Amino acid sequence: KQEVTQIPAALSVPEGENLVLNCSFTDSAIYNLQWFRQDPGKGLTSLLLIQSSQREQTSGRLNASLDKSSGRSTLYIAASQPGDSATYLCAVSVNTGFQKLVFGTGTRLLVSP
Amino acid sequence: DVKVTQSSRYLVKRTGEKVFLECVQDMDHENMFWYRQDPGLGLRLIYFSYDVKMKEKGDIPEGYSVSREKKERFSLILESASTNQTSMYLCASSLTGAERSQHFGDGTRLSIL
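Chains as they are written, first to last, in this note's numbering: chain A, 27 to 139; chain B, 884 to 996.
Now the structure itself:
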């Protein structure tokens, strides 16, 4: 059974720092890995999707990498801002057609001015 | 932009009631999903549907059923609500394919008294 773990559970940094969030998964037979952002009391917003054949994806200040063989992904946030404060969730897709996702429990990020 | 709309942001019901949670998407997505989110447990898949009138059980289907009579609408039904079903419920939709991300609604916070 696929399990997804995110470390750390919470992170507090001053504005301007570069930071890395970690995600690990137990079964390397995945079809994609997705990073989401969740603001308090809200739904999830998709940030980046890395297909199993890819190594990384970038969007603005965000860069996500995928190492399937070791079961790891990282989300790199450059020059963090207070507006980046949110919970970041990692999820892996275990079915190519129906996109069944298995989620980690998230990293709660606080960026202080 | 894809819009996934959940009918209620907050809902309070009583034990034993039959509860309906509604979700509508406007982008002709084949796949729709219902999750619940609980502190420390993350998002867990309740049911998903890959076509009209088709449904598949997720990881925690007990006590729930679903209905998909039209492509754009996916309903979650709590047959006889219990206090352990108090949770945040999130609906999502997607197209089929490993390169497709899921799009989430803002969630319904359901309290069962």
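Each residue gets a CB set at the ideal place from its N, CA and C atoms; glycine is no exception.
This structure is a prediction, so every number in the text was calculated from the model and none was measured.
Inset, instruction - Could you tell me whether any Cβ in chain A is nearer than 8 angstroms to the Cβ of GLU955(B)? - result: Translated into the one-based positions of the second sequence, residue 955(B) becomes position 72. GLU955(B) does not count as touching chain A.
Legend entry - chain B within 8 angstroms of THR131(A), Cβ atoms only: The residue given as residue 131(A) occupies position 105 in the first sequence. When Cβ-Cβ separations below 8 angstroms define contact, THR131(A) makes contact with chain B.
Legend entry - VAL137(A) versus PRO40(A) - alpha carbon distance: Counted from its first residue, the first sequence places residue 137(A) at position 111. Counted from its first residue, the first sequence places residue 40(A) at position 14. Whole-angstrom Cα-Cα distance: 5 angstroms.
Inset, instruction - List the residues of chain B that ASN58(A) touches, going by C-beta distances under 8 angstroms, in chain order. - result: By one-based count along the first sequence, residue 58(A) stands at place 32. Against ASN58(A), the close residues of chain B are ALA981, GLU982, in the order they occur along the chain (beta-carbon pairs closer than 8 angstroms).
Legend entry - Within chain B, partners of LYS94(A) - CB distance below 8 angstroms: Along the first sequence, one-based indexing puts residue 94(A) at 68. Result: empty, since nearest Cβ-Cβ is about 13 angstroms, beyond 8 angstroms.
Inset, instruction - Mind reading off the beta-carbon distance from LEU73(A) to GLU982(B)? Whole number of angstroms is fine, and I expect it under 8 angstroms. - result: As a position in the first sequence, residue 73(A) is number 47, starting the count at 1. As a position in the second sequence, residue 982(B) is number 99, starting the count at 1. Going by Cβ atoms, the distance from LEU73(A) to GLU982(B) rounds to 15 angstroms, so no, they are not a contact pair.
Inset, instruction - Leaving aside the five residues before and after THR113(A) along the sequence, list all residues of the same chain whose C-beta is less than 6 angstroms from its C-beta, in chain order. - result: On the first sequence, position 87 is the one that residue 113(A) refers to. Hits under 6 angstroms: GLN64, GLY132, ARG134.
Legend entry - Residues near GLU939(B) by beta carbon distance below 8 angstroms, same chain, minus five either side: The residue you call residue 939(B) lines up with position 56 of the second sequence. Excluding sequence neighbours, GLU939(B) sits near TYR930, PHE931, SER932, TYR933.
Legend entry - Residue-chain proximity (HIS912(B), chain A), Cβ-Cβ < 8 angstroms: Along the second sequence, one-based indexing puts residue 912(B) at 29. With its beta carbon at least 8 angstroms from every one in chain A, HIS912(B) lies outside the interface.
Inset, instruction - Scan the region 960-990 of chain B for residues whose Cβ lies nearer than 9 angstroms to a Cβ of chain A and list them as they occur along the chain. - result: The residues in question are MET971, LEU973, CYS974, ALA975, SER977, LEU978, THR979, GLY980, ALA981, GLU982, ARG983, SER984, GLN985, HIS986, PHE987, GLY988, ASP989, GLY990.
Legend entry - Close-in-space but distant-in-sequence residues of the same chain around ASN89(A) (CB under 7 angstroms, 5 per side omitted): Reading the first sequence from its first residue, position 63 is the one you call residue 89(A). Here the set comprises GLU82, TYR102.
Inset, instruction - Determine, using beta carbons only, whether LEU928(B) comes closer than 8 angstroms to chain A. - result: Residue numbering aside, residue 928(B) sits at position 45 when the second sequence is read from its first letter. Yes, contact with chain A.
Legend entry - Three or more C-beta pairs below 8 angstroms linking the region 893-907 of chain B and the region 961-975 of chain B: They touch, by the three-pair rule.
Inset, instruction - Mind listing the chain B neighbours of SER91(A)? Cutoff is C-beta to C-beta under 8 angstroms, in chain order. - result: As a first step, residue 91(A) is located in the first sequence; it is residue number 65 there, counting from the start. What SER91(A) touches in chain B: nothing, since even the nearest Cβ is about 17 angstroms away.
Legend entry - Buried versus exposed, by CB contacts within 10 Å (16 or more), LYS936(B): By 1-based counting over the second sequence, the position of residue 936(B) is 53. Exposed, since its Cβ has fewer than 16 Cβ neighbours within 10 Å.
Legend entry - Sequence-distant residues of its chain with Cβ nearer than 7 angstroms to PRO34(A) (five each side left out): Locating residue 34(A) in the first sequence gives position 8, counting from the first residue. Excluding sequence neighbours, PRO34(A) sits near THR133.
Legend entry - Backbone CA spacing between ASP921(B) and GLY86(A) [nearest angstrom]: Working through the second sequence from its first residue, we reach residue 921(B) at position 38. Working through the first sequence from its first residue, we reach residue 86(A) at position 60. Distance between the alpha carbons of ASP921(B) and GLY86(A): 31 angstroms.
Legend entry - Check whether GLN60(A) and ALA117(A) have beta carbons under 8 angstroms apart: Along the first sequence, one-based indexing puts residue 60(A) at 34. Along the first sequence, one-based indexing puts residue 117(A) at 91. In contact: GLN60(A) and ALA117(A) (Cβ atoms closer than 8 angstroms).
Inset, instruction - Give the interface partners of GLY923(B) over in chain A, defined as CB-CB distance under 8 angstroms, in chain order. - result: Translated into positions along the second sequence, residue 923(B) becomes position 40. Those within 8 angstroms of GLY923(B) in chain A are THR131.
Inset, instruction - Report the partner residues of ARG134(A) according to the DSSP bridge assignment. - result: Residue mapping note: residue 134(A) aligns to position 108 of the first sequence, counting from 1. Beta-bridge analysis with DSSP links ARG134(A) to ALA36(A), THR113(A).
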